[in-house]
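Asker: The sequence shown finishes on residue 459 if you use this note's numbering, and the numbering steps up by one all the way, no holes. To start, I am sharing the structure in question, which I have written as structure tokens.
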Amino acid sequence: MKLTIIGTGYVGLVTGTCFAEVGHQVVCVDNDPAKIKVLQAGGIPIFEPGLEELVRKNTQAGRLSFTVSTAEGVRQSDVIFIAVPTPPLPDGSVDLSFIEKVAREIAASMASYKVIVDKSTVPVKTGDQVAETIKRYCKTPVDFDVVSNPEFLREGFAVEDLMRPDRIVVGVRSQRPVQAMKEIYKPFNAPVIVTDINSAELIKHASNSFLALKISYINAISVMCEATGANVQEVAAGMGMDVRIGRRFLDASLGFGGSCFPKDLSAFIKIAEQVGYDFKLLKEVQNINSRQMERFVKKIVDTLWVLKEKKIGVLGLAFKQNTDDIRSSPAIDLCHRLQKEGATLRVHDPKAMDKARAVLKEVTFVEDMNEVADGCDALVVATEWGEFKKLDLARARQALSHPIIFDGRNLFDPAEMKRLGFIYKSIGR
Ligand code: UDX
């Protein structure tokens with residue numbers, strides 16, 4: 031099928047590329063000419079495992095193209111996906127101005143029946159607004175349908191998640207676009223849930239909030255574990271074997287971050303407020319998350335006493351593994367807090383150092399993870415990168431002026447660390 035994706039961020043670019051990979055004819059639109067130039071030259075503006083090869087392969091095969099012209103994108107396809115950012119406003123609600131602008135641009139270029147699919151994460155009832163806007167700004171009356179089709183991909187696993195989705199959610203106002211949506215997703219062999227637009231929009235916010243709740247729940251349990259001498263990983267393993275609970279998203283940590291969970295939680299709390307419901311449960315999910323970071327910093331301060339004139343090595347800057355994304359990264363937050371306490375930092379991340387340079391000042395960026403510990407009073411693990419498990423611990427033991435490791439991601443085995451001579455403090459163990 032001929033498909034247009036407007037917006038080449040994480041969601042738009044991965045969606046467009048995977049659609050091309052399964053055989054659709056895809057044009058991706060972005061209003062940033064620099065980005066389009068990079069993509070046309072076979073590069074990608076983000077780090078995402080497996081994506082660059084797929085972009086190159088499908089561009090060369092003639093199934094994937096890029097343009098700055100929304101009009102061209104609208105002309106070429108019958109189904110147009112909107113995947114533009116929906117950033118937070120200062121009060122926690124969602125800035126929908128990009129969606130509104132794209133809706134107007136689509137309307138201005140529509141000359142025949144189109145299906146306009148919203149993929150961006152939006153508050154419930156946004157579909158109605160998009161439909162109204164398109165109707166208002168169409169030059170001549172044209173038939174169209176608005177569909178809500180939220181995306182659930184995780185950064186760092188985006189291609190994998192998109193190619194093998196758990197489910198496809200399709201929210202519609204009439205049956206007319208259903209066949210086209212099923213056709214688009216047929217190659218992905220996933221169950222398709224067809225529902226109304228409001229429910230589809232709610233499914234996205236409800237799912238992300240639930241996952242954040244799951245993390246805050248296990249983080250709260252980690253506090254119980256620390257107070258009683260239990261081990262949060264053992265508890266998570268035992269809980270997770272109950273299929274009603276499941277083991278995933280039960281990794282205790284120094285808190286969740288990223289461009290989705292914090293933003294979507296605030297947005298959902300705001301949406302609830304607007305419809306007259308005080309979503310206290312989700313406010314507590316946020317509180318637990320902030321307290322988890324505070325507890326971790328306190329652990330460091332309690333151990334080192336005064337951070338002024340102390341040198342600390344930090345492993346990990348991205349908000350999680352497999353990405354160069356530092357938006358709302360707990361690791362960056364941690365660095366700022368440690369600096370505020372007076373510590374000097376040596377930092378490393380396998381992919382996020384370039385992006386981190388813009389927000390972290392007066393730190394030493396270290397290319398080799400094994401050299402981060404050199405001359406430091408302690409080492410901190412802030413992101414769950416798999417390669418950190420291969421850290422040369424014997425070398426770190428020698429390089430540190432004191433053999434202290436704070437592990438905010440539970441990467442190492444406490445008994446083994448003790449055997450190696452470390453003072454080792456992790457989360458909930
Ligand atoms: C999330 C959702 O998973 C995805 O479905 C949605 O489309 C976008 O938001 P993403 O933000 O890419 O995806 O990352 P995710 O893997 O969900 O991790 C979010 C944060 O939670 C990270 O900071 C991660 O380190 C943290 N996390 C995750 C934990 O602390 N513990 C866990 O068990 C899982």
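Cβ coordinates follow ideal geometry from the N, Cα and C atoms, glycine included.
For a test of your reading of the model: does the CB of Ile457 fall under 7 Å from any non-hydrogen atom of the ligand UDX? Yes or no.
Answerer: Checking every heavy atom of the ligand UDX against the Cβ of Ile457, none is found closer than 7 Å.
Asker: Helix, strand or coil: how does DSSP classify Thr163 here?
Answerer: Reduced to three states, the DSSP call for Thr163 is helix.
Asker: Determine, using beta carbons only, whether Arg425 and Leu450 come nearer to each other than 8 Å.
Answerer: No, they are not a contact pair.
Asker: Pick out whichever of Ala429, Asn440, Gly37, Leu81 has its Cα sitting closest to the Cα of Phe96.
Answerer: Measuring from the Cα of Phe96, the nearest candidate turns out to be Gly37.
Asker: Have a look at Ile342 and Met383 and give me their C-alpha separation to the nearest angstrom.
Answerer: Roughly 17 Å between the two C-alpha positions.
Asker: Would you list the one or two residues that DSSP bridges to Leu33?
Answerer: According to DSSP, Leu33 bridges with Val56, Val109.
Asker: So the candidates are Asn219, Ala138, Ile233, Glu83; which of them puts its Cα closest to the Cα of Lys155?
Answerer: The option with the nearest alpha carbon to Lys155 is Ile233.
Asker: Out of Ser239, Lys328, Val305, Gly80, point me to the one whose CA is closest to Arg367's CA.
Answerer: The shortest Cα separation from Arg367 among Ser239, Lys328, Val305, Gly80 belongs to Lys328.
Asker: For Tyr143, count neighbouring Cβ atoms within 10 angstroms of its own Cβ and tell me buried if that reaches 16, exposed if not.
Answerer: By the 10 Å Cβ count, Tyr143 comes out exposed.
Asker: What does the alpha-carbon distance come out to for the pair Val336 and Glu83?
Answerer: The straight-line gap from Cα to Cα measures roughly 48 Å.
Asker: For Pro75, collect the residues of the same chain with a Cβ closer than 7 Å to its Cβ; drop the 5 residues on either side in sequence, then sort them by chain order.
Answerer: Lys65, Val68, listed in sequence order.
Asker: Go through the region 34 to 105 residue by residue and report every complete run of the alpha helix (DSSP H) that reaches 4 residues or more, in order.
Answerer: DSSP runs (the alpha helix (DSSP H)) wholly in the region 34 to 105: 40 to 51, 63 to 70, 81 to 90.
Asker: Heavy atom of the ligand UDX less than 7 Å from the Cβ of Asp184, yes or no?
Answerer: Note on identity: in this sequence residue 184 is Arg, with Asp being the wrong assignment. Yes, since a heavy atom of the ligand UDX falls inside the 7 Å radius drawn around the Cβ of Arg184.
Asker: Report the CB separation of Gly186 from Thr353 in whole angstroms; it is logged as a contact under 8 Å.
Answerer: Confirmed, Cβ separation roughly 4 Å.
Asker: Out of curiosity, what's the CA-to-CA distance linking Ile362 and Asp379?
Answerer: Whole-angstrom Cα-Cα distance: 11 Å.
Asker: Compare the Cα-Cα distances from Arg203 to each of Pro195, Ile318, Glu190, Glu231 and report the closest residue.
Answerer: Out of Pro195, Ile318, Glu190, Glu231, Glu231 has the C-alpha closest to the C-alpha of Arg203.
Asker: Please state the DSSP three-state secondary structure of Gly201.
Answerer: Of the three classes helix, strand and coil, the one that applies to Gly201 here is strand, per DSSP.
Asker: Quick check: is any heavy atom of the ligand UDX less than 7 Å from the C-beta of Asn261?
Answerer: No, the beta carbon of Asn261 sits no closer than 7 Å to any heavy atom of the ligand UDX.
Asker: Is it true that the CB of Phe218 sits closer than 8 Å to the CB of Gly287?
Answerer: It is not a contact, given that the beta carbons lie outside the stated cut-off.
Asker: For Val147, tell me which candidate among Ala141, Ser139, Val132 has the shortest Cα-Cα distance.
Answerer: The candidate whose alpha carbon is nearest that of Val147 is Val132.
Asker: Quick one: complete beta strand (DSSP E) runs, 3+ long, within the region 248 to 307?
Answerer: Here no run is fully enclosed.
Asker: What does a CB cutoff of less than 6 Å around Phe11 pick up in its chain, not counting 5 residues either side in sequence?
Answerer: Outside the displayed span of the chain (31 to 459) sits residue 11, for which this structure offers no information.
Asker: Can you give me the C-alpha to C-alpha distance between Ser150 and His235, rounded to a whole angstrom?
Answerer: One C-alpha to the other measures close to 11 Å.
Asker: Three-state secondary structure (DSSP) at Gly343?
Answerer: Of the three classes helix, strand and coil, the one that applies to Gly343 here is strand, per DSSP.
Asker: Write down the C-beta distance between Arg206 and Asp175 rounded to the nearest angstrom, noting that I regard them as a contact closer than 8 Å.
Answerer: Indeed they touch by this definition, with Cβ atoms about 6 Å apart.
Asker: Go ahead and label Gly72 buried or exposed: buried means 16 or more other beta carbons lie within 10 angstroms of its beta carbon, across all protein chains shown.
Answerer: Label assigned to Gly72: exposed.
Asker: Between which two residues does the beta strand (DSSP E) harbouring His366 extend?
Answerer: Careful: His366 lies outside any beta strand (DSSP E), inside the alpha helix (DSSP H) at 360 to 370.
Asker: Taking 8 Å as the CB-CB limit, is Ala266 close to chain C?
Answerer: You won't find chain C in this structure, because it holds only one protein chain.
Asker: Please report the distance separating the alpha-carbon of Asp108 from that of Phe279.
Answerer: Answer to the nearest angstrom: the Cα atoms are 38 Å apart.
Asker: Is the region 248 to 264 close to the region 295 to 310, with three or more CB pairs under 8 Å?
Answerer: No, because fewer than three Cβ pairs between the region 248 to 264 and the region 295 to 310 fall closer than 8 Å, the two stretches do not touch.
Asker: Enumerate in chain order the residues of its own chain whose CB-to-CB distance from Val208 is below 8 Å, with the five nearest sequence positions on each side excluded.
Answerer: These residues qualify, in order along the chain: Val200, Val202, Val224.
Asker: Put Ser246 into one of helix, strand or coil per three-state DSSP.
Answerer: Of the three classes helix, strand and coil, the one that applies to Ser246 here is helix, per DSSP.
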